[in-house]
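K.L.:
There are 8 protein chains.
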Amino acid sequence: MDTRKLLNDVKDGKISVDEALLSLKKEPFEDIGFAKVDLHRRTRQGTAEVIYGAGKSAERIVSIVGSMVRGGQEPVIITRIDKAKADELAKNYEISYNEEAAFATVGRLPDPDGAGTVVVATGGTSDIPVAEEAALTAEALGNKVIRMYDVGVAGIHRLMSHMEEIMDANVIIAIAGMEGALASVIGGLADCPVIAVPTSVGYGASFNGLSALLSMLNSCASGVSVVNIDNGFGAGYLASMINHGKK
Amino acid sequence: MDTRKLLNDVKDGKISVDEALLSLKKEPFEDIGFAKVDLHRRTRQGTAEVIYGAGKSAERIVSIVGSMVRGGQEPVIITRIDKAKADELAKNYEISYNEEAAFATVGRLPDPDGAGTVVVATGGTSDIPVAEEAALTAEALGNKVIRMYDVGVAGIHRLMSHMEEIMDANVIIAIAGMEGALASVIGGLADCPVIAVPTSVGYGASFNGLSALLSMLNSCASGVSVVNIDNGFGAGYLASMINHGKK
Amino acid sequence: MDTRKLLNDVKDGKISVDEALLSLKKEPFEDIGFAKVDLHRRTRQGTAEVIYGAGKSAERIVSIVGSMVRGGQEPVIITRIDKAKADELAKNYEISYNEEAAFATVGRLPDPDGAGTVVVATGGTSDIPVAEEAALTAEALGNKVIRMYDVGVAGIHRLMSHMEEIMDANVIIAIAGMEGALASVIGGLADCPVIAVPTSVGYGASFNGLSALLSMLNSCASGVSVVNIDNGFGAGYLASMINHGKK
Amino acid sequence: MDTRKLLNDVKDGKISVDEALLSLKKEPFEDIGFAKVDLHRRTRQGTAEVIYGAGKSAERIVSIVGSMVRGGQEPVIITRIDKAKADELAKNYEISYNEEAAFATVGRLPDPDGAGTVVVATGGTSDIPVAEEAALTAEALGNKVIRMYDVGVAGIHRLMSHMEEIMDANVIIAIAGMEGALASVIGGLADCPVIAVPTSVGYGASFNGLSALLSMLNSCASGVSVVNIDNGFGAGYLASMINHGKK
Amino acid sequence: MDTRKLLNDVKDGKISVDEALLSLKKEPFEDIGFAKVDLHRRTRQGTAEVIYGAGKSAERIVSIVGSMVRGGQEPVIITRIDKAKADELAKNYEISYNEEAAFATVGRLPDPDGAGTVVVATGGTSDIPVAEEAALTAEALGNKVIRMYDVGVAGIHRLMSHMEEIMDANVIIAIAGMEGALASVIGGLADCPVIAVPTSVGYGASFNGLSALLSMLNSCASGVSVVNIDNGFGAGYLASMINHGKK
Amino acid sequence: MDTRKLLNDVKDGKISVDEALLSLKKEPFEDIGFAKVDLHRRTRQGTAEVIYGAGKSAERIVSIVGSMVRGGQEPVIITRIDKAKADELAKNYEISYNEEAAFATVGRLPDPDGAGTVVVATGGTSDIPVAEEAALTAEALGNKVIRMYDVGVAGIHRLMSHMEEIMDANVIIAIAGMEGALASVIGGLADCPVIAVPTSVGYGASFNGLSALLSMLNSCASGVSVVNIDNGFGAGYLASMINHGKK
Amino acid sequence: MDTRKLLNDVKDGKISVDEALLSLKKEPFEDIGFAKVDLHRRTRQGTAEVIYGAGKSAERIVSIVGSMVRGGQEPVIITRIDKAKADELAKNYEISYNEEAAFATVGRLPDPDGAGTVVVATGGTSDIPVAEEAALTAEALGNKVIRMYDVGVAGIHRLMSHMEEIMDANVIIAIAGMEGALASVIGGLADCPVIAVPTSVGYGASFNGLSALLSMLNSCASGVSVVNIDNGFGAGYLASMINHGKK
Amino acid sequence: MDTRKLLNDVKDGKISVDEALLSLKKEPFEDIGFAKVDLHRRTRQGTAEVIYGAGKSAERIVSIVGSMVRGGQEPVIITRIDKAKADELAKNYEISYNEEAAFATVGRLPDPDGAGTVVVATGGTSDIPVAEEAALTAEALGNKVIRMYDVGVAGIHRLMSHMEEIMDANVIIAIAGMEGALASVIGGLADCPVIAVPTSVGYGASFNGLSALLSMLNSCASGVSVVNIDNGFGAGYLASMINHGKK
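Protein chains in written order, with the numbering used here: chain A, 855 to 1101; chain B, 855 to 1101; chain C, 855 to 1101; chain D, 855 to 1101; chain E, 855 to 1101; chain F, 855 to 1101; chain G, 855 to 1101; chain H, 855 to 1101.
#1: By how many angstroms is the C-alpha of residue 988/F removed from the C-alpha of residue 959/H?
#2: Evaluate the contact criterion for the segment 946-964 of chain A versus the segment 1010-1021 of chain A: three or more CB pairs, one atom per stretch, below 8 Å.
#3: Would you say residue 969/B faces chain A, with C-beta separation under 8 Å as the test?
#4: Taking all protein chains shown into account, do 16 or more other C-beta atoms lie within 10 angstroms of the C-beta of residue 1012/D, making it buried, or fewer, making it exposed?
#5: What is the residue span of the alpha helix (DSSP H) that residue 1087/D lies within?
#6: Quick one: list the residues of chain D neighbouring residue 982/F, beta-carbon separation under 7 Å, in chain order.
#7: Just verifying my parser: in three-state terms, what is the DSSP assignment at residue 946/B?
#8: Could you check what DSSP says for residue 867/B in three-state terms: helix, strand or coil?
#9: Report yes if the CB atom of residue 1041/G is closer than 8 Å to the CB atom of residue 999/G, and no otherwise.
#10: Please confirm if the segment 990-1005 of chain F is in contact with the segment 1042-1053 of chain F, defined as three or more CB-CB distances below 8 Å between the two stretches.
#11: Roughly how many whole angstroms lie between the Cα atoms of residue 859/F and residue 1072/E?
#12: Are any of the Cβ atoms in chain E nearer than 8 Å to that of residue 1063/C?
#13: Going by DSSP in three states, residue 1047/B sits in which element: helix, strand or coil?
#14: Taking the alpha-carbon positions, what's the residue 870/D to residue 889/A distance?
#15: Please list, in chain order, all residues of the same chain as residue 1067/H whose beta carbon is under 6 Å from its beta carbon, the five residues on each side excluded.
#16: From the beta carbon of residue 1018/F, is the nearest beta carbon of chain G less than 8 Å away?
#17: Which of the three DSSP states, helix, strand or coil, is assigned to residue 956/H?
#18: Starting from residue 804/H, follow the alpha helix (DSSP H) in both directions and report where the run begins and ends.
#19: Assign residue 1017/C to buried or exposed, taking buried as 16 or more other Cβ atoms, counted over all protein chains shown, within 10 Å of its Cβ.
#20: With a threshold of 8 Å between beta-carbons, can residue 909/D be considered close to chain B, or not?
#21: Among 1074/E, 910/E and 955/E, which one has its Cα closest to the Cα of residue 942/E?
#22: Would you verify that the beta carbon of residue 1059/E is, or is not, closer than 8 Å to some beta carbon of chain C?
#23: How many Å lie between residue 944/C and residue 938/C at the Cα?
#24: Using 10 angstroms around the beta-carbon of residue 934/H, count the other beta-carbons present and answer buried if the total reaches 16, otherwise exposed.
#25: Let me know if residue 953/B comes out buried or exposed under the rule of 16 or more other beta-carbons within 10 Å of its beta-carbon.
#26: By a C-beta neighbour count over all protein chains shown, 10 Å radius and 16 as the cutoff for buried, is residue 967/E buried or exposed?
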């Protein structure tokens, strides 16, 4: 909103004081009772609001999706949505659903239009659900994604055989639980930003991901930053932002 | 190194087996006894190795700088270098030094050549040393930096008065101690990546930065990632990487 | 109890030594075997004892409610009481029950008689159960409550559109999980006490509410104090105390 | 600022578009280089900004005090200001200084005008510095303060002998280190809000105040809320807010 | 075993070398495959080994009880034994079982023969299972126990009405969750050892008993020591030891 | 105080109402400004108040000692009092001082009158300062103490050579840092109460005594309870209480 | 792979450039979609890859086993595989399965060929599942194992009766939960490496094995090192490595 | 000691009962007042006791060294001994001293007699003091040591250039702070035991070595075990034990 223009319009009588007041005050969201759905987010920040499905009932998810579809916010992304809720949602909208990642979308996805590729790497096979959340998020936001799973540092030759993809990537998402060393090793090899995602994979002194989290925060490689434990979505979103650059 | 080309050269007799062997084996670093100075890093990863001055004696710093200057790795960046060590270094090389940030450089810095601006914001005035480390790093790596200090969320109008810079930024570094809320608020306003830097500013239940760190990792805003507590350098480096895009 | 008057009464023979002794010793609670129900609390502290339902069997809850009703302590508030126990209680007493907040009352609630309004704000929709516990508690204690849900700082315009309610409030309860920044931002805007309630909403590095708790304790805004994680009742009770002032 | 009035003035030509624009944008703080001094805070929130002296140089403190005095923000409160800095400040302004609490004020303090008394209680004698910060803050903000020191629960008769002051108080600040039980016991006796301040007094498993902090957060008494470890200022400020009620 | 006498017997030919060797080596326990049941413990330490039922199958419990009964170690105490296992045990032996405390005994219990009374106090009603484990243990070891439940410090008059029992006790077991202040207050009133038992009762920042544990370890009252969270048995056992004095 | 007798005296006119009132209210401590010195503690709890010297100025210590000496509370025990403060105290009173334990007493100590011996054992030589605090406390309270230093479990034969003292003891204080295993091993050997004192001796993952503290709380031996890290005084005091039994 | 030989072969035309390239690049693992099965590990590191069954579906386990059997990697070890998955696996391969340890093997196990014996000791009976994982692993890798269960330090005579086995062992695995003192005591007695395995056995302040973990890391005995909580496999594997020496 | 032989000697009158008694009881250490110096340790466990210098006065160190030299326990190793204490020791004995490692020896060191080489690797140059403690310990115990410093995973080519030493090693000590990934990467490459030593090198979220410690405990590579933070001595000692095998 251009405040100067608005004020000039008021001065010139083009719009009334009340209209201007309304315009200054209008809330860029729809209040649907239990939630305020942000309908200007795509305009303001480049992507629509994303629905975090955990802890929301199927009814509330359907209701928020409805508000967003009405507001022209497709495609709608829903993360952490289990099979039962997804089935419920599917009764109301045509959805695309990945059960392992608990990830759903409503509406046609964009074609890849980022600057390069987003590589999603995991230390082990148990990290795949988080990795898929990251990969599907990045794809839903218009990125070409290369999956590089089970390349943990305890068998470093597995990672080394992928040097080409690593060197070609525009952004790399490094996902690992346990000791989380993958981020440091990739960070030392790559020449692009590395987004580290600690996972809660492990037991005992992994303390539900704390070990990998601390590891990644202390990475001795430059260009590495960290998101929350198991936050595949956050990593995919940020990767897309970096891969698309400033609009 | 193009392995196929190398092998073809061997086959064609253009280079000897021993030369090829050497080339395959040559270590891209200079071993100066107590350290292995990485001299190919600029080629391999786009920026030269950076010297972390804390816990290194002035002698060792001078010695590593020497190795890098000899290897044509200027400008050399030295972080966490106190006044006494900087004075010692200045006896050997022409340096540029900022005491508050404990940050030094040797050699001419590049002109800004990034895609846009890097905004460095802090919650309070006590966060400035970390912010300066971030800002000076980004500048030394060829970025235009806008400083936006003391804009903490407890007086949100101070932040709001900078909406223009926030919306224009290519990357934002949000630096805060105590409750670390700055990153979330900026993350909710901006449409570019936000690099959050928790600081050890605070007392009591801030637990030396733990409070801000957890806050930032749990940011409900998308596009936010986190580096280590007080790691201004890491944030500046990553910001530069994002601002320059893939080379 | 006025000790001087009691002693004078003894001296004047108005009451016997035994009566005085009894009066000095009488325990202001009813011992019902497994619990000592405080029946003087309303007199002594202005509000009757509140029953914490978690971990108490339906039988015990009914028994304590009985003791309080007999002692004229209505309305009786029962928190953390699940549907099954509430159903059991409803067989014995006419109750008002809110399932989302797991909150029940027995007896007629008072009309609002506080000095002003109590605003209950939440960062997200998942914080609503805790918010309702706070709001219902405040209402049961005679306060006018304004609910302001889903106004988290990642979309600060949602909060800003409520500036009027914030500036008008007598007390504000700020409820948030994850990074808990809501309390600081509201604390910086409001001119009344802000009671911060961290919630266990979140995952990974939220560590079941620890992140929000530390955030709120470190709030850089003045006038903010904190209660236990998920303690909606405690916040509602304290808000009522502040809103009613010294009786 | 009344936006409607402003817009009407624009419409009526009473003020120019540029003036209105300026008014809408004018930042309510003075930017003195390293800090943004909030000069509208007294108007907006009822009390002027308070200077946190720790980690600020004497020069910067003098500079901020200057900005505030110029802005008519007296009395100015400076917390955590050690003797040396206070001496420096005293060269420029007439100050009142308490060394034990590291607390200074510039300008005439107001007469007590709160609704009742603020009681400041401590568990031991080592908690006195924090208690004095709380008490002096409350006094500087216009409250009558009653000090009740060394009344820890290990000798509960010491606390009991003060029942009258406890029952008469409008707000009580309960300050304790070690096991922090004072807040619960006072909370169970009083009928007014209790602000609990954990202190870092103790050793071993007190973990620098963590023990008292957790204790106070888990208080089984209602009406108790908690501020950061050693945060006497925050408690005094909040107590004043409660004691003065909504302006 | 008197080594000198044994050696003299060998010298005098009263026992053979092999017999002496056996006697020096004989293990004072019965090896029943998966466990080594200590049958000399009553002789060595005054009480028989106690069976910790959690994590042991009913079969193994029955087997260990059998070994102890055969070894004349009655009464046998089994703690943390759930209803199902107790039922299984009851098929083989005549047992006495308390379900709330998950506590069973096999064999006739001794009459009270301690020096005085053991008082078992709890802060709330939710602490009763732990308290009963403590009380039943003390009773099974020959102590007169006085139960004093729901006397938490938030209503200190409830505790005060029991001053007589407190002053008369030989040992007091103070059991509390949440802020665990009970131990300090009792410790300040009593003139006998106080054994503090933190419980996992609470939520949020009670962190499963950590809050009460730290509180109790930091008790400012003398004569207080602490056992593990929820360790009613350990407290009852130690109380009996103190109450019986050196045999 | 016999309340019935007091009331009868009032009724019979033996004492006036005012005298009775005074008697009911008289505070059993002397208020010396910054502290309330408990002068009835010896009567009430069997031992006089003990002065914790850390964090108190020499002046304050002298002042409290003065109040206690005037109140007939000798011998006075002062713990954690460094050499400089002890020297200051010695200018005013004849003191006995142990620098390693930072422990002082004023007045003649009692002869040992406990039921048996108190054994003070340490794992290593670095635990000796804490051990001396415990031993000197016990001696000052009238106990015969046997010191058994440097008997840590890594050389279990050192402990085994002291079996006689262990079996003869009435109470054992087991003091250890690092892994704190001493308490468990002694607890398994002895038939008397074992008071475990974790010390902050160690480095790295000892986390200033946390490791030993947790170890001791989890002791698989019965009859073991724990006091705060480095709390030699608390252990000595409790040992004396147990060794003297109920007065 | 001998790089010089390869290059000579290229030069001599013995192999083509493409073949050499392939050989330099060939990944020593089979990519089966969701995992990269390491088939050269036995050659490279002396033992084949081991399958961690937790969190892998029966289908994936069968698929990986298949890849390994095809690659001649028998015997295949699968850890943390529950009964249901083991049953599924047994439909496809002849397996040996231990339910308590959740441990399976496919293929004939080797005869013991280590230098000496591996002793596996536990503190209690609840540690046996972890101990069996360790023992079965060591046996599957060709070691003679001596089990020494339930020899915790609270009854040190039980351990002492096994001095012969301790002194004869080549490696000792000391497994304990709760206070974890077993490792230190054994470490002080033995003259061979001791591998300490903390277990999650315990409750309250054992914090799921943290207590035992810290204890073992702080062992005052030399020759002790630690693996992750409950990591019986890791201990058995390392023990085998030490017992077999360098191949 | 052969008990059977001793007893036969008693029977045959070869030694008196008193001599036998003495022999059974004789303590294998010298009690020098503040410490019990173990003089049989070399016989019992293969190496003499090692003196941990931190927290011991120079006098005490000299005294213990004296006892050991008198007992024929040379060479004597003293760790964590600063320059001043070493100077003091050098006045009494001929010592070899390394200041960076704070490591001293008295007496001639043995020639290397282990089975192979011990490799000591560090992630960075700041880890060298810990590495030297490990290397010097291993050398003092008769091992050939290869130092491989500054080979951290952020520049993995530095580590790769040492594959030969890694593959040839008998034991590898992997020392790293910050994210501690070195142990996992080496563990994945080597076919010998890897002893991981976390160091306190780092800042912020390294939490004084906690990050590296957790990382190493969670290593996904087999054959890795961990010692305490900064415990170079422990690693060197254990490496020597493994390298020498069972004597």
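The beta-carbon is built from N, C-alpha and C at its ideal position, and this holds for glycine as well.
P.N.:
Per the coordinate set shown:
#1: 35 Å
#2: no
#3: yes
#4: buried
#5: 1086-1098
#6: Per Cβ cutoff of 7 Å: no residues; residue 982/F is ~17 Å from chain D at best.
#7: coil
#8: coil
#9: no
#10: no
#11: 39 Å
#12: yes
#13: coil
#14: 40 Å
#15: 1052 and 1083
#16: no
#17: coil
#18: The structure shown has nothing for residue 804/H, since chain H only spans 855 to 1101.
#19: exposed
#20: yes
#21: 910/E
#22: yes
#23: 10 Å
#24: buried
#25: exposed
#26: exposed
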